[in-house]
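J.: Under mature numbering (1 follows the signal peptide of the UniProt record, and there is no 0), read the sequence shown as residues -16 to -1, 1 to 475, first letter to last.
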Amino acid sequence: MWVEIVLLFVLVLVYAVLRDRRPRTLPPGPAEIPFFGRLPFFDEKTGENLRKNYGDIVTYRTGTLRSVFLFDYDTAKEALARLEFADRPSFFSTLSLDDEKTGGLVGSNGVQWQHDRRFVLRNLRNLGMGRSYLEEAINIEAKALVEDLKKYGGEAINYPDSFRTVALNIIWQMVASTRYDLRSSEVDTIYRLTKQFQRNFSVLSLLPFFIPALSRLPNPIKNYLFEADMFKVFIQEMRNVVNGAVDKHLEDYDPDNPRDLIDEYIKDMKENEGDNNSLFRRGALNQIVNDLFGAGSDTVNNQLKWMAYLLARYPEYATMMQQQIDAVVPRDRMVSLDDKPGLPLVEAFTVEVLRYSSMLVFNVQRSAIRDAEINGYLIPKGTMVIVANYSIHHDPRYWDDPHKFYPERFLDDSATKYTAPKQAFFAFGSGRRQCVGELLARMELFLFTAAIIQHFDVLPADGVDLSLEDCENLGGLRVPADKKLIYKPRN
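#1: How close, in whole Å, do the beta carbons of P464 and K289 come, if the pair is a contact with beta carbons under 8 Å?
#2: Less than 9 Å between the C-beta atoms of G21 and F181, yes or no?
#3: Just to confirm, are N133 and I436 a CB contact at a threshold of 9 Å?
#4: Let me check one thing: in DSSP terms, what residues is Y44 bridge-paired to?
#5: Quick one, are the C-beta atoms of S375 and E119 less than 9 Å apart?
#6: For residue 479, which option in R50, P11, M222 and D40 has the closest C-alpha, if you only look at C-alpha atoms?
#7: Is Y164 helix, strand or coil when you go by DSSP?
#8: On a CA-only basis, which of A352, Q271, V335 and D310 is nearest P364? Give me that one, please.
#9: Note down the Cα distance separating T9 from G360, rounded to an integer number of angstroms.
#10: Suppose the cutoff is 7 Å on Cβ atoms and the five residues either side in sequence are ignored; what does the same chain contact list for E428 look like?
#11: Can you give me the start and stop residues for the beta strand (DSSP E) that M368 sits inside?
#12: Counting contacts by CB-CB distance shorter than 9 Å, is P405 in contact with chain B?
#13: With burial defined as no fewer than 16 other Cβ atoms inside 10 Å of the residue's Cβ, what is the status of H387: buried or exposed?
#14: Just verifying my parser: in three-state terms, what is the DSSP assignment at E139?
#15: What do you get for Y44, buried or exposed, if any count of 16 or more other CB atoms within 10 angstroms of its CB means buried?
#16: G21 bridges to which residues according to DSSP?
#17: Could you check whether Y175 and D145 sit closer than 9 Å to each other, using their CB atoms as the reference points?
#18: Closest to V448 by C-alpha separation, out of L461, A434, D466 and F440, would be which residue?
#19: Just confirm the distance between the C-beta atoms of A332 and L395, as a whole number of angstroms; I'd bet it's less than 8 Å.
#20: According to DSSP, which residues form a beta bridge with R350?
#21: Exposed or buried, what is P24 when buried is set at 16 or more other beta-carbons lying within 10 Å of its beta-carbon?
#22: Using 8 Å for Cβ pairs, my map puts V90 next to D282. What's the rounded Cβ distance?
#23: Beta-carbon within less than 6 Å of M291's beta-carbon, same chain only, minus the 5 sequence neighbours each way: which residues are those?
#24: What is the DSSP secondary structure of L(-4), reduced to helix, strand or coil?
#25: Comparing C-alpha positions only, which one of Y471, I470, P473 and G459 sits nearest to L191?
#26: For the beta strand (DSSP E) that L443 lies in, which residues bound it at each end?
#27: Looking only at C-alpha atoms, which of L54, G47 and T48 sits nearest to P12?
#28: Count the other CB atoms, across all protein chains shown, that sit within 10 Å of the CB of T400; report buried if there are 16 or more and exposed otherwise.
#29: Hey, quick one: how far does the alpha helix (DSSP H) through Y293 stretch, first residue to last?
#30: I need the straight-line Cα distance from A356 to L362, nearest angstrom please.
#31: For R417, which of D454, V319 and Q98 has the nearest alpha-carbon?
#32: Would you report the Cα separation of T403 and A311, rounded to the nearest angstrom?
#33: With H, G and I counted as helix, E and B as strand and the rest as coil, what does DSSP make of R3?
#34: Given 8 Å as the limit, is there contact between the stretch 235 to 248 and the stretch 194 to 208, that is, 3 or more CB pairs closer than that?
#35: If you draw a straight line from the alpha carbon of R3 to that of F19, how long is it in whole angstroms?
#36: What is the rounded straight-line gap between the Cα of N347 and the Cα of G413?
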């Protein structure tokens, strides 16, 4: 009797293991532990090793989710443009401030995503994205940044919070008509929680997203093993910020004088009251505001960190760019976008910062809407599709000496004209979900970088060695490690 029971158990187990194996139609990948797969990863080294061992298309599994990583530019570009891979994975909804979990720009899907994206694009353009008066607003922040850095009096400091606040002020004025002082205590809580979240984040933190059964564990166990309370605290703090901004707009809303993106959304929301099919909802507005708050400040903030680090590491470029700026722009005037043609090295420098840093090691995850094919492989519905930005940005098939920081790669032969990258450049994504704020981010990065170069020599503090690159990976976000730098005002 017992022999039959054991034999039946073994047969069931073998059957379950065989059914759990990677389908043969998927690309190759590392061996999977049955019912678990492997731990998730977010670093470029693991990605490069996968590519070396298995090729340009690799399958990787964690828990119930299989991912297909794309390491080849042509394949990645084609996949990101296809409707079959336009969705985000379902776990994005768990982080949403929308009670219905369907609104916003980053994690939403389908009709609601298309609606919200169109609304944001239209209103950002109407509110000045790409126009001259937005440039004036950026230069106001650039001047404030220069004055803030001068207050340190040449003291060696870590990357200042003002890097993030100047970027936040630009998008937040368009979204909520609010500007913060660069040393404001109002945003200190958010900055502190963001830094704490990034420092404490680990691959274990995400296991409940990949293995839903872990979400059923008692809260004390989840908090101990996966720091689940960290997500809750961060989301609640962002909910407080967003709700405060939207509630204030609802209180003093004037339909005849909309001031910003929130007012424009409220206007559409009120005009569609009573329509049960309307996609203008308070929850969707909350998530849109949250997405713009985070993306609008974090991206430029981290790129400014890379910019400062690389200016200090390669002072010869700083000197050449200062010479260009001094020849074109009077010292008592801020650099403008009209000066770009005369500052090709400055523009090339900022674009090389984007490529070299590859701040997002992997593009934000996509999910297959239905069964689809990539290069002859059948990708089942629900499979995550992930583009390896870092690997593509450092692929010798597209870039000469890719691991070298070399702004001249974006200059013509005479070094007098900037030439934009034509391929293998994914700093702002690609295809159907390309970043809605790319134009704004490029304007900010150019003008903020030019302002710092124009007014400061960025130097490493005594004893700080920048000869060996020292990076941190914060949950897939690649940033230079904190190094004390000196922002020495130029004579």
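All C-beta atoms in this analysis are idealised placements derived from N, C-alpha and C, irrespective of residue type, glycine included.
T.: In brief:
#1: 6 Å
#2: Going by beta carbons, G21 and F181 fall outside the 9 Å limit.
#3: The displayed chain sequence assigns Leu, not Asn, to residue 133. Closer than 9 Å, so yes.
#4: S51
#5: no
#6: Limits of the chain in this structure are -16 at one end and 475 at the other, which puts residue 479 out of reach.
#7: coil
#8: A352
#9: T9 and G360: Cα-Cα distance of roughly 9 Å.
#10: For E428, same chain residues with a beta-carbon under 7 Å away, outside a window of 5 residues either side, are I122, A151, I154 and V284 in chain order.
#11: Where M368 is concerned, the enclosing beta strand (DSSP E) stretches over M368 to V371.
#12: Looking for chain B here will not work: only one protein chain is present.
#13: exposed
#14: coil
#15: buried
#16: I17 and T46
#17: The Cβ atoms of D145 and Y175 sit closer than 9 Å to each other.
#18: D466
#19: 5 Å
#20: Among the bridge pairs identified by DSSP, R350 is matched with V369.
#21: buried
#22: At roughly 12 Å, the Cβ-Cβ gap does not stay under 8 Å, so V90 and D282 are not in contact.
#23: V337 and T433
#24: The predicted position of L(-4) is uncertain, since its pLDDT is 43 and thus under 50; a value taken from the coordinates is nonetheless stated next. DSSP places L(-4) in helix when its eight states are reduced to three.
#25: The shortest Cα separation from L191 among Y471, I470, P473 and G459 belongs to G459.
#26: F440 to P444
#27: L54
#28: exposed
#29: R266 to R297
#30: Going by the C-alpha atoms only, they are around 6 Å apart.
#31: Q98
#32: 21 Å
#33: Note that R3 has pLDDT 47, beneath the 50 cutoff, so the model's placement of it is unreliable and the number below is only indicative. The answer is helix: DSSP assigns R3 an H, G or I state.
#34: no
#35: Only weak support exists for where R3 lies, its pLDDT of 47 falling under 50; the coordinates are left without a value.
#36: 7 Å
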